[in-house]
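Here the sequence shown is numbered in the numbering used here, starting from 1 and rising by one per residue.
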Amino acid sequence: MSARRYLQLDVFANRPGAGNPLAVVLDAQGLDDATMQAIARWTRLPETTFVFPATSPTASYGIRIFSPRREVPFAGHPSVGTAHAVLEAGLATPRDGLLVQEGIAGELPLRVSGVGARRTIAVRTPRARVTEIAAADDARLRDVLDGLALGALPPALMD
């Protein structure tokens, strides 16, 4: 495997070790799924992102997000942290204060203001997909919670 640019970030922090850890591979073009998954396991961080050139003319760059166990369609701190890394590396420039991140969740706009340590980045999250769970799973969940209230809505999976 050839050398790749790799960063480790503390997202949502003003000092090292205080934020949400994130690994970013800035030049992931040519890496296959198995290799990206192996790198994500190797980092031992909650998420590792891989940056690609955009395939859409409206996107600033492409992103794939992996946990140590699987690829995930979207996660907040990896999206924000990767945007910061891409800007610092000079791989993208905001247009009218926006970056557009292209990934499994679609094209997501990120509002960018400021520079460097004073930069703020906000992402518009994709709409969550809600899946009702089976009655058997609902009963098991109620057993595990041992009488704790579940709220007014029935339990569901959100992705």
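By construction, the Cβ of each residue, glycine as well, lies at the ideal position given by its N, Cα and C atoms.
Item: CA nearest to the CA of residue 12, picked from 114, 84, 90, 143; Value: 84
Item: Rounded separation between residue 7 and residue 45 - CA only; Value: 12 Å
Item: Proximity below 8 Å, CB of residue 40 to CB of residue 66; Value: yes
Item: Buried versus exposed call for residue 113 [16 or more other C-beta atoms within 10 Å across all chains shown]; Value: exposed
Item: Within 8 Å, strictly: CB atoms of residue 24 and residue 82; Value: yes
Item: Reduced DSSP category for residue 92 - H, G, I as helix; E, B as strand; rest coil; Value: coil
Item: Enclosing beta strand (DSSP E) for residue 142 [first to last residue]; Value: That residue, residue 142, is in no beta strand (DSSP E); its alpha helix (DSSP H) goes 135-145.
Item: Alpha carbon of residue 106 to alpha carbon of residue 15, nearest angstrom; Value: 32 Å
Item: Residue of 10, 21, 124, 35 minimising C-alpha distance to residue 2; Value: 35
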